[in-house]
Amino acid sequence: MKNEMVNYLGENGYFGAYGGRFVPEILIPAVDELSLAFQEILRDEDFYKQYYNLLMDFSGRPTPLTYAEGLSAYFGKAKIFIKREDLNHSGAHKINNVLGQGLLMKKLGKTRVIAETGAGQHGVATAIMAAKMGFQATIYMGAEDAERQYANVFWMKQLGAEVIPVTTGTATLKDAINEALRDWAGNFDNTHYALGTACGPRPFPEMVTFFQSVISKEMKKQINDICGKNPDRIYACLGGGSNAMGAFVEFLQEPGVELVAVEAGGKGEASGKHASRIAYAKAKTGVSQGYKTLFLQDDDGQMLDTWSISAGLDYVGVSPILAHLAETKRVRVLAATDAEVIEAFKLIISKEGLIPALESTHAFAGLFREIADTKPEDVIVVNMSGRGDKDIFNIGEALQDQGWKTFVTERGKAYAD
Amino acid sequence: MQIEKQIEAMRKEKKILLMTHQIIGYPDFAANEKVIECFYNNGVDLIELQIPFSDPIADGPVFTKSNQAVLEKGIKVSNCLKFIERMASKYPIPFLVMTYYNILYQYGVEAFIDRCKEIGVQGTIVPDAPLDEARAYYDYSRQQGLAAVSIATPYSDPKRLQEIADIGSGFIYYVPRKGVTGSKTTFDSEILDGIQKAKKETGKTIAVGFGIQGPEDVARLIGTADIAIIGSKIQQVLETEGLSGLDQFLGDMARVNKEE
Ligand SMILES: Cc1ncc(COP(=O)(O)O)c(C=O)c1O
């Protein structure tokens, strides 16, 4: 896999009106140091080789592109292919970025890594990277998310990471990012902040996109090998934007490929309980968490509470790169509701024998809504960003599965005694 | 620039000036007002009032929680501005507004500066508005004769330090250590050297904030800093010892200027 950078990078960390680095002055040397190191590795073929070798040896890349025979037959419309990021070690695309940042840390001589996590996937990936590379790890996680995704908290701790539940603000992902930025401001001498998505101050949006670009690099080759052409459409879920950027970036310069990102519609547009910044057009440009993008906020500029059945999409801002790509109409953005996602989940698991993460299921739900408009000769790729094992509690509850409820209750009782 | 002249005049009378901090609406407006009265009666020289923000990344746990507590009560920016207006007309002492960039951005940066001027505020402090990103904010403030205080740290290299000095106005807010507000700073000789260097290289008034805990810290800053800023410690004193405790705390602080 070669390091061929598509020219998607903005000017000075800006993508149209979005981006920048609105950090307290104390963090300027830290973001400067990181920007410089990132510029260096961008030009360093050897670094990229080392990085991709690590992904192959340790994470299991390349991930397959699976033909979704059951779903394609069920709809009788476009051919559906699934990019299997769930088959990465740790079960999600998040590891691609983390392993890259780990190698970068070594270059910078840092010994401690901090990270924020929503669903816990990025936290687990970071804890894995730290254990493998011999770093000390501290993971900030919204207290509410830590409750929803305790299985991942458990794994992070087993991996030797310190997990700090964040109780400030809305106790979700954005607050975990704030806490990580605060920690970084106090410890940047020896500490690297491994941000998990294509958000935050420059150079994170570009850097995370760069490390996730392996997804579309492989995807492009695979789909051309199988179908002899680029896909007509690609669907990816959109929280912060790392898996969507990863799946899209190699195709940005290919106008024939339609790029669709699917946000968390939560309980629906009218409910106000969602995390759709773009599709529901409820967000406004603002500055928070070190960068300028579309944020869900009130008239004063205070960030709003968000909601999604999936912790990983429950974020108040969005990648500045995607905000720009949506504005320039290169990426189309939809929102799928919790209810649509549960329906989509049932269909995928029964037709394909795959267990997608609730995050990734949003991408499928977006596709299912629109598949009637496609033709049998169309080729569609869905980026399945992660696997759903971690979501067993939420899914068990959403499906009102009696056996699962009994199991959980009995276990609870056993521990209470 | 009004506040620069005021500071110069005050500096002639005192070895070091004191700037104290309150989060507006915490615990409530009535309490803020009593505290501000206490500031005034104890000869505090400048008052920094913070408009709460949902994501205050430069603040430590104490201030983060109080920002949030105010917002949970539904207090709006307009309520805060009205309160500041009333305080500024009641007390003949320079008031500065501290808040985060998004508050200005949503209000309209220019409209916010205009409003501050209208209500008698002397300047603004915005910790997440670095010079490279928020040039328009600094330039417009200067144009309007309102201080836009810029922030320097021991990690600002000489070139950046000069840019910080050039773009900001009023004085330079010097953050003497890594981290966020709240925890203690040890004012050792290395830190004092850094402050001295910043003062010498920029020729500007230097205010030092973050981690000042008591009269000893302020005393250590005499001869290097022009202004000592006390933030989290005030909230802590109020919470543990009440208004009379604060009165005593500020009294002790003010005495620093009288000691030989
Ligand atoms: C499996 C999975 N997909 C998607 C996301 C959303 O993040 P992003 O939008 O950065 O891909 C997460 C975040 O935790 C995740 O775990």
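In order, the protein sequences belong to chains L and Z.
All residue numbers for the first sequence refer to the working numbering, where the first residue is 2 and numbers rise by one.
All residue numbers for the second sequence refer to the working numbering, where the first residue is 123 and numbers rise by one.
From the three backbone atoms N, C-alpha and C, an ideal C-beta is built for every residue, glycine too.
Is residue 334 of chain Z helix, strand or coil when you go by DSSP?
-> coil
Residue 251 of chain Z touches chain L at which residues, Cβ-Cβ below 9 angstroms?
-> 23 and 288
Just reading off the alpha helix (DSSP H) that residue 163 of chain Z is part of, what are its end residues?
-> 151–163
Can you find at least 3 beta carbon pairs, one from the stretch 155–172 of chain L and one from the stretch 80–89 of chain L, that sit closer than 8 angstroms?
-> no
Consider the Cβ of residue 180 of chain Z: report whether some Cβ of chain L lies at a distance smaller than 8 angstroms.
-> yes
May I ask which residues mark the beginning and end of the alpha helix (DSSP H) holding residue 422 of chain Z?
-> What is shown of chain Z runs 123 to 382, which leaves residue 422 of chain Z out entirely.
On the premise that residue 209 of chain L lies in contact with residue 192 of chain L, defined as a C-beta separation below 8 angstroms, what is that separation, rounded to the nearest angstrom?
-> Residue 192 of chain L to residue 209 of chain L, Cβ: 18 angstroms. No contact.
Between the C-alpha atoms of residue 351 of chain Z and residue 219 of chain L, what's the straight-line distance to the nearest angstrom?
-> 55 angstroms
Is the shortest distance between the beta-carbon of residue 173 of chain L and the beta-carbons of chain Z less than 8 angstroms?
-> no
So which residues of chain L does residue 203 of chain Z contact, with C-beta pairs closer than 9 angstroms?
-> Within chain L, no residue comes near residue 203 of chain Z; the closest Cβ sits about 11 angstroms away, beyond 9 angstroms.
Go to residue 292 of chain L, then tell me how far its alpha helix (DSSP H) extends in each direction, as first and last residue.
-> Here residue 292 of chain L belongs to no alpha helix (DSSP H); instead the beta strand (DSSP E) covers 292–296.
Mind listing, in chain order, the continuous alpha helix (DSSP H) runs of no fewer than 4 residues lying wholly within the stretch 154–226 of chain Z?
-> 183–194 and 199–212
What did DSSP end up calling residue 255 of chain Z once you bin it into helix, strand or coil?
-> coil
Chain L residues whose Cβ lies nearer than 7 angstroms to that of residue 176 of chain Z | 170, 303 and 304
Run down chain L in chain order and give the residues with a C-beta less than 9 angstroms from the C-beta of residue 218 of chain Z.
-> Per Cβ cutoff of 9 angstroms: no residues; residue 218 of chain Z is ~17 angstroms from chain L at best.
Should residue 26 of chain L be flagged as near chain Z, meaning a C-beta pair shorter than 8 angstroms?
-> yes
The stretch 214–222 of chain Z in contact with the stretch 174–192 of chain Z per 3-pair CB rule at 8 angstroms = yes
Find the residues of chain Z that neighbour residue 143 of chain L, judging by a C-beta separation of less than 7 angstroms, and give them in chain order.
-> Going along chain Z, no residue has its Cβ under 7 angstroms from residue 143 of chain L, so there is no contact; the nearest lies around 13 angstroms.
Could you pull the start and end residues of the alpha helix (DSSP H) that residue 94 of chain L belongs to?
-> Residue 94 of chain L -> no alpha helix (DSSP H), and no H or E assigned at all.
Please name the residue, chosen from L:175, L:187 and L:176, that lies closest to residue 297 of chain Z on a Cα-to-Cα basis.
-> L:187
Could you give the distance in angstroms between the alpha-carbon of residue 321 of chain Z and the alpha-carbon of residue 299 of chain L?
-> 40 angstroms
Can residue 175 of chain L be considered in contact with ligand 1, in the sense that its beta carbon sits closer than 7 angstroms to one or more heavy atoms?
-> no
Would you check whether ligand 1 has a heavy atom nearer than 7 angstroms to the C-beta of residue 189 of chain Z?
-> no
Would you tell me roughly how many angstroms separate the C-alpha atoms of residue 7 of chain L and residue 254 of chain L, rounded to the nearest one?
-> Confidence in residue 7 of chain L is poor, its pLDDT being 46 and thus under 50, which makes the residue's placement too unreliable to answer from.
In whole angstroms, what separates the C-alpha of residue 74 of chain L from that of residue 343 of chain L?
-> 21 angstroms
Rounded to whole angstroms, what's the CA-CA distance from residue 230 of chain L to residue 376 of chain L? Just pull it up for me.
-> 15 angstroms
Give me the Cα-Cα distance between residue 120 of chain Z and residue 348 of chain L, rounded to the nearest whole angstrom.
-> Given that chain Z is displayed from residue 123 to residue 382, the structure contains no residue 120 of chain Z and the question cannot be resolved.
Please state if the CB of residue 248 of chain L and the CB of residue 264 of chain L are separated by a distance shorter than 8 angstroms.
-> no
Interface residues of the stretch 180–208 of chain L facing chain Z [CB-CB below 8 angstroms] | 182, 183, 186, 187, 188, 189 and 190
Give the DSSP-derived three-state secondary structure of residue 273 of chain Z in the structure shown.
-> strand
When the Cβ atoms of the stretch 131–139 of chain Z are set against those of the stretch 236–254 of chain Z, are three or more pairs found closer than 8 angstroms?
-> no
Which runs of the beta strand (DSSP E), 3 residues or longer, sit entirely within the stretch 235–318 of chain L?
-> 259–267, 285–289 and 292–296
Buried/exposed call for residue 387 of chain L, threshold 16 Cβ in 10 Å = buried
Could you say which of L:109, L:346, L:45 and L:207 lies nearest to residue 390 of chain L if we only look at CA atoms?
-> L:346
Helix or strand or just coil, what does DSSP make of residue 59 of chain L?
-> helix
Which residues in chain Z sit within 7 angstroms of residue 30 of chain L, going by Cβ to Cβ distance?
-> 277
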